[in-house]
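A.B. asks:
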Amino acid sequence: MIVLVGYVSIEGQTRKIAEAIAAEIEKHGHRALLFNVGEMVEYGVDHPQAAILCAPVHAGRYPDPFVGFVRREADWLKSIPTAFVSVSLLIRSELEEERQEAQDFAGSLFAETHWRPGMVHHAAGALRYSEYDFFKRWMMRRMAARERASIDVSQDHQFTDWTALATFTTEFLKAAVQ
Ligand SMILES: Cc1cc2nc3c(=O)[nH]c(=O)nc-3n(C[C@H](O)[C@H](O)[C@H](O)COP(=O)(O)O)c2cc1C
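Taken in order, the sequence shown gives residues 8 to 185; the numbers are from this note's numbering.
Set out below in structure tokens:
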């Protein structure tokens, strides 16, 4: 089976997540087409039979190029097995309402694009404090203060659970080949 692994990444963590998914797909003997869907002009050359799309939450929404891709391709996406991996920091919050907020980002995307993936996974992203400019540092400090969870914004952290991601990918492949 050929599986499109489409992603958009601003800071690089979602790209890493997409790469890990692609590696897992190939480990299972399938072919992964890894693409930045914000940049790709032609995606359909190899006729993917399934797709896993990955996008990060930045300032309460997914990047516009990602939403644009889903909007444009909604009809095609509806015709094959698909999954969505949402990358955020709020999903690791200790507060139930904030974890819910992280899940609601995905709900809003589905309502906006009319795309309903068969499976959804929420992955915690990364905090690359040392690489942020002044504005991003300020935003992240605000988010951490609001979150009240244990985010130390003076250091870089990678929160992604790679084992959970591999399990999700395996489950998706099992369901998609049926
Ligand atoms: C400027 C900025 C804004 C962010 N806004 C949110 C947000 O609103 N909600 C959230 O849960 N995470 C937010 N995050 C955390 C990102 O989702 C997380 O850092 C993720 O790993 C970014 O993925 P990327 O490296 O692929 O861009 C934000 C991160 C940055 C740098």
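In this text, a Cβ means the ideal position worked out from N, Cα and C, and glycines have one as well. Note that the structure is predicted; figures quoted are calculated from it, not measured.
Using the Cα positions of Val-127 and Phe-175, report the straight-line distance between them to the nearest angstrom.
C.D. replies: 9 Å
A.B. asks: Just checking, does the segment 164 to 182 make contact with the segment 82 to 94 on the three C-beta pairs under 8 Å criterion?
C.D. replies: yes
A.B. asks: Could you compute how far the alpha carbon of Glu-108 sits from the alpha carbon of His-35?
C.D. replies: 34 Å
A.B. asks: Would you be able to state if there are at least three C-beta pairs under 8 Å between the segment 112 to 122 and the segment 135 to 148?
C.D. replies: no
A.B. asks: Looking at Leu-186: is its Cβ nearer than 8 Å to the Cβ of Ala-58?
C.D. replies: A query on residue 186 cannot be resolved here, the shown segment of the chain reaching from 8 to 185 and no further.
A.B. asks: Could you check the C-alpha separation between Gly-67 and Ala-182 for me, to the nearest Å?
C.D. replies: 31 Å
A.B. asks: If you draw a straight line from the C-alpha of Met-8 to the C-alpha of Leu-41, how long is it?
C.D. replies: 14 Å
A.B. asks: Shorter than 7 Å, the distance from the beta carbon of Met-146 to the closest heavy atom of ligand 1, or not?
C.D. replies: For ligand 1, at least one heavy atom lies less than 7 Å from the Cβ of Met-146.
A.B. asks: Going by the C-beta, is Arg-149 closer than 7 Å to any heavy atom of ligand 1?
C.D. replies: no
A.B. asks: Which partner residues of Val-10 appear in the DSSP bridge assignment?
C.D. replies: Ala-39 and Ala-57
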